[in-house]
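The end of the sequence shown is residue 167 by numbering that gives the first Met the number 0, with every number in the run present.
Don't be surprised by glycine CBs; every beta carbon is placed ideally from N, CA and C.
These figures come from a predicted structure and were not determined experimentally.
Report on one structure; see the data block that follows.
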Amino acid sequence: MALGQWRLIGPRLAGAIVFLALRMRLSRARIREFFIELFDLQLSTGGLDETIREAGRAVAPLEDDMVLDIEQAVLLHADETPWKEAGQPFWLWVFVASYTTLFFICSRGLEILSNVLTAKFAGNLMTEGYQAYRHLGRRLRCWAHLIRKCQGLIDSTDARVVRRQGHA
(Lines of atoms letter the chains of each structure in order from A; the text may use other names.)
(Lines give C-alpha, C1' and ligand atoms only; values in the text may rest on other atoms or scores of the structure.)
Protein backbone atom coordinates (compact mmCIF):
# COMPACT_ATOMS: atom_id res chain seq x y z
CA MET A 0 0.00 0.00 0.00
CA ALA A 1 1.44 3.35 -1.01
CA LEU A 2 1.29 6.24 1.43
CA GLY A 3 0.05 9.53 0.09
CA GLN A 4 2.54 12.40 0.17
CA TRP A 5 0.61 14.21 2.90
CA ARG A 6 1.10 11.19 5.21
CA LEU A 7 4.86 11.63 4.83
CA ILE A 8 4.63 15.20 6.11
CA GLY A 9 5.46 15.40 9.81
CA PRO A 10 3.67 17.52 12.40
CA ARG A 11 6.09 20.46 12.25
CA LEU A 12 6.00 20.70 8.48
CA ALA A 13 2.22 20.28 8.56
CA GLY A 14 1.99 23.08 11.12
CA ALA A 15 4.10 25.33 8.90
CA ILE A 16 1.92 24.54 5.89
CA VAL A 17 -1.29 25.29 7.79
CA PHE A 18 0.22 28.50 9.19
CA LEU A 19 1.22 29.71 5.73
CA ALA A 20 -2.19 28.85 4.29
CA LEU A 21 -4.48 30.11 7.04
CA ARG A 22 -2.57 32.76 8.92
CA MET A 23 -0.45 34.18 6.10
CA ARG A 24 -3.17 33.55 3.49
CA LEU A 25 -0.80 32.10 0.91
CA SER A 26 -2.15 30.11 -2.00
CA ARG A 27 -1.09 26.48 -2.41
CA ALA A 28 1.15 27.58 -5.29
CA ARG A 29 2.87 30.21 -3.11
CA ILE A 30 3.36 27.71 -0.28
CA ARG A 31 4.89 25.27 -2.75
CA GLU A 32 7.19 28.03 -4.04
CA PHE A 33 8.14 28.97 -0.46
CA PHE A 34 9.36 25.46 0.38
CA ILE A 35 11.19 25.06 -2.92
CA GLU A 36 13.00 28.40 -2.61
CA LEU A 37 13.92 28.17 1.07
CA PHE A 38 14.47 24.46 1.60
CA ASP A 39 14.65 22.91 -1.88
CA LEU A 40 11.70 20.81 -0.74
CA GLN A 41 9.37 19.63 -3.51
CA LEU A 42 5.77 19.32 -2.33
CA SER A 43 2.82 18.76 -4.61
CA THR A 44 -0.12 21.14 -4.55
CA GLY A 45 -2.36 18.14 -3.83
CA GLY A 46 -0.16 17.12 -0.91
CA LEU A 47 -0.34 20.63 0.53
CA ASP A 48 -4.10 20.72 0.11
CA GLU A 49 -4.58 17.33 1.77
CA THR A 50 -2.33 18.38 4.67
CA ILE A 51 -4.49 21.46 5.27
CA ARG A 52 -7.69 19.42 5.03
CA GLU A 53 -6.33 16.76 7.40
CA ALA A 54 -5.46 19.45 9.94
CA GLY A 55 -9.05 20.67 9.72
CA ARG A 56 -10.37 17.16 10.29
CA ALA A 57 -8.00 16.72 13.24
CA VAL A 58 -9.35 19.75 15.09
CA ALA A 59 -13.04 19.15 14.25
CA PRO A 60 -13.67 17.26 17.53
CA LEU A 61 -12.62 20.40 19.42
CA GLU A 62 -15.51 22.41 17.99
CA ASP A 63 -18.03 21.17 20.56
CA ASP A 64 -15.65 22.03 23.42
CA MET A 65 -15.09 25.50 21.96
CA VAL A 66 -18.82 26.15 21.64
CA LEU A 67 -19.32 24.98 25.23
CA ASP A 68 -16.52 27.28 26.46
CA ILE A 69 -18.24 30.26 24.81
CA GLU A 70 -21.70 29.30 26.09
CA GLN A 71 -20.50 28.76 29.66
CA ALA A 72 -18.15 31.73 29.86
CA VAL A 73 -18.64 33.86 32.95
CA LEU A 74 -16.95 36.70 31.08
CA LEU A 75 -16.77 36.90 27.29
CA HIS A 76 -14.88 39.72 25.59
CA ALA A 77 -16.15 40.86 22.18
CA ASP A 78 -14.84 43.43 19.74
CA GLU A 79 -15.02 44.27 16.07
CA THR A 80 -12.79 46.28 13.79
CA PRO A 81 -13.16 47.43 10.17
CA TRP A 82 -10.77 47.39 7.24
CA LYS A 83 -11.00 47.63 3.49
CA GLU A 84 -9.66 45.20 0.99
CA ALA A 85 -9.83 46.10 -2.70
CA GLY A 86 -12.19 48.91 -1.74
CA GLN A 87 -14.65 46.55 -0.05
CA PRO A 88 -15.46 46.99 3.66
CA PHE A 89 -14.92 44.00 5.95
CA TRP A 90 -15.30 43.54 9.70
CA LEU A 91 -13.20 41.31 11.90
CA TRP A 92 -15.12 40.16 14.96
CA VAL A 93 -13.38 38.52 17.91
CA PHE A 94 -14.90 36.72 20.88
CA VAL A 95 -12.56 35.67 23.70
CA ALA A 96 -13.49 33.24 26.48
CA SER A 97 -11.28 31.36 28.95
CA TYR A 98 -9.83 28.88 26.48
CA THR A 99 -11.39 29.85 23.19
CA THR A 100 -10.91 32.73 20.78
CA LEU A 101 -13.25 32.96 17.81
CA PHE A 102 -12.51 35.14 14.80
CA PHE A 103 -15.11 35.91 12.14
CA ILE A 104 -14.92 38.06 9.03
CA CYS A 105 -18.37 39.31 8.06
CA SER A 106 -20.58 42.39 8.09
CA ARG A 107 -21.06 44.66 11.08
CA GLY A 108 -24.70 43.56 11.48
CA LEU A 109 -26.40 41.79 14.34
CA GLU A 110 -26.40 38.37 12.68
CA ILE A 111 -22.98 37.44 14.03
CA LEU A 112 -24.08 38.22 17.58
CA SER A 113 -27.11 35.94 17.35
CA ASN A 114 -24.93 33.17 15.90
CA VAL A 115 -22.31 33.35 18.65
CA LEU A 116 -24.38 34.51 21.62
CA THR A 117 -27.15 31.96 21.62
CA ALA A 118 -29.78 31.67 24.35
CA LYS A 119 -27.39 29.33 26.19
CA PHE A 120 -24.97 32.20 26.89
CA ALA A 121 -25.74 33.62 30.34
CA GLY A 122 -22.41 35.25 31.16
CA ASN A 123 -21.24 38.85 31.11
CA LEU A 124 -20.23 40.36 27.79
CA MET A 125 -17.37 42.89 27.89
CA THR A 126 -17.59 45.31 24.97
CA GLU A 127 -16.86 48.84 23.86
CA GLY A 128 -19.71 51.21 23.07
CA TYR A 129 -20.99 49.80 19.77
CA GLN A 130 -24.78 49.95 19.82
CA ALA A 131 -25.24 46.41 18.45
CA TYR A 132 -24.40 45.07 21.90
CA ARG A 133 -26.84 47.29 23.78
CA HIS A 134 -29.80 44.91 23.54
CA LEU A 135 -27.87 42.28 25.48
CA GLY A 136 -28.73 42.08 29.15
CA ARG A 137 -25.46 41.41 30.94
CA ARG A 138 -23.04 43.74 29.23
CA LEU A 139 -19.98 45.37 30.76
CA ARG A 140 -18.18 48.35 29.27
CA CYS A 141 -14.49 48.36 28.50
CA TRP A 142 -12.64 50.73 30.86
CA ALA A 143 -10.29 51.96 28.14
CA HIS A 144 -13.22 53.11 26.01
CA LEU A 145 -14.96 54.75 28.96
CA ILE A 146 -11.78 56.58 30.00
CA ARG A 147 -11.29 57.88 26.45
CA LYS A 148 -14.88 59.08 26.35
CA CYS A 149 -14.47 60.84 29.71
CA GLN A 150 -11.23 62.43 28.55
CA GLY A 151 -13.05 63.68 25.46
CA LEU A 152 -15.63 65.33 27.71
CA ILE A 153 -12.91 66.86 29.88
CA ASP A 154 -11.10 68.20 26.83
CA SER A 155 -14.28 69.53 25.25
CA THR A 156 -14.61 73.29 25.17
CA ASP A 157 -18.12 73.07 23.75
CA ALA A 158 -20.67 73.20 26.59
CA ARG A 159 -23.30 71.65 24.28
CA VAL A 160 -21.20 68.49 23.94
CA VAL A 161 -20.88 68.20 27.70
CA ARG A 162 -24.65 68.74 28.20
CA ARG A 163 -25.52 66.18 25.50
CA GLN A 164 -23.48 63.57 27.35
CA GLY A 165 -25.42 64.33 30.55
CA HIS A 166 -22.50 65.76 32.51
CA ALA A 167 -23.45 69.45 32.71
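Ignore the nearest five residues each way along the sequence and tell me which others in residue i's own chain have a CB closer than 8 Å to its CB.
i       : result
Val-17  : Thr-50, Ile-51 and Ala-54
Leu-25  : Leu-19 and Phe-33
Phe-120 : Ile-69, Glu-70, Ala-72 and Leu-75
Would you mind sorting residue i into buried or exposed? The rule is 16 or more other CB atoms within 10 Å of its CB.
i       : result
Ile-35  : exposed
Gly-9   : exposed
Thr-156 : exposed
Ala-77  : buried
Thr-44  : exposed
Ile-69  : buried
Leu-42  : buried
Arg-159 : exposed
Ala-59  : exposed
Arg-29  : exposed
Start and end of the alpha helix (DSSP H) containing residue i?
i       : result
Ala-127 : Per the sequence presented here, residue 127 reads as Glu, with Ala not at that position. No alpha helix (DSSP H) holds Glu-127; DSSP gives it neither H nor E.
Leu-7   : Note, Leu-7: premise wrong, no alpha helix (DSSP H); not H, not E.
What are the boundary residues of the beta strand (DSSP E) that includes residue i?
i       : result
Leu-21  : It is not in any beta strand (DSSP E) - Leu-21 carries neither H nor E in the DSSP assignment.
Arg-140 : 138-140
Can you find the residues in the same chain that come closer than 6 Å, C-beta to C-beta, to residue i, ignoring five residues on each side of it along the sequence?
i       : result
Val-93  : Asp-78 and Phe-102
Cys-127 : Per the sequence shown, residue 127 should be read as Glu rather than Cys. Cys-141 and His-144.
Leu-139 : Asn-123 and Met-125
Leu-109 : Ala-131
For residue i, I'd like the list of residues in its chain whose CB is within less than 7 Å of its CB, leaving aside the five on either flank, ordered along the chain.
i      : result
Arg-11 : none
Quiz item: When the Cβ atoms of the stretch 126-134 are set against those of the stretch 80-92, are three or more pairs found closer than 8 Å?
Solution: no
Self-check item: Entirely enclosed alpha helix (DSSP H) segments - the stretch 39-77, minimum 4 residues
Solution: 44-58 and 61-70
Self-check item: Entirely enclosed alpha helix (DSSP H) segments - the stretch 77-122, minimum 4 residues
Solution: 110-115
Quiz item: Three or more C-beta pairs closer than 8 Å, one from the stretch 96-109 and one from the stretch 147-154: is that the case here?
Solution: no
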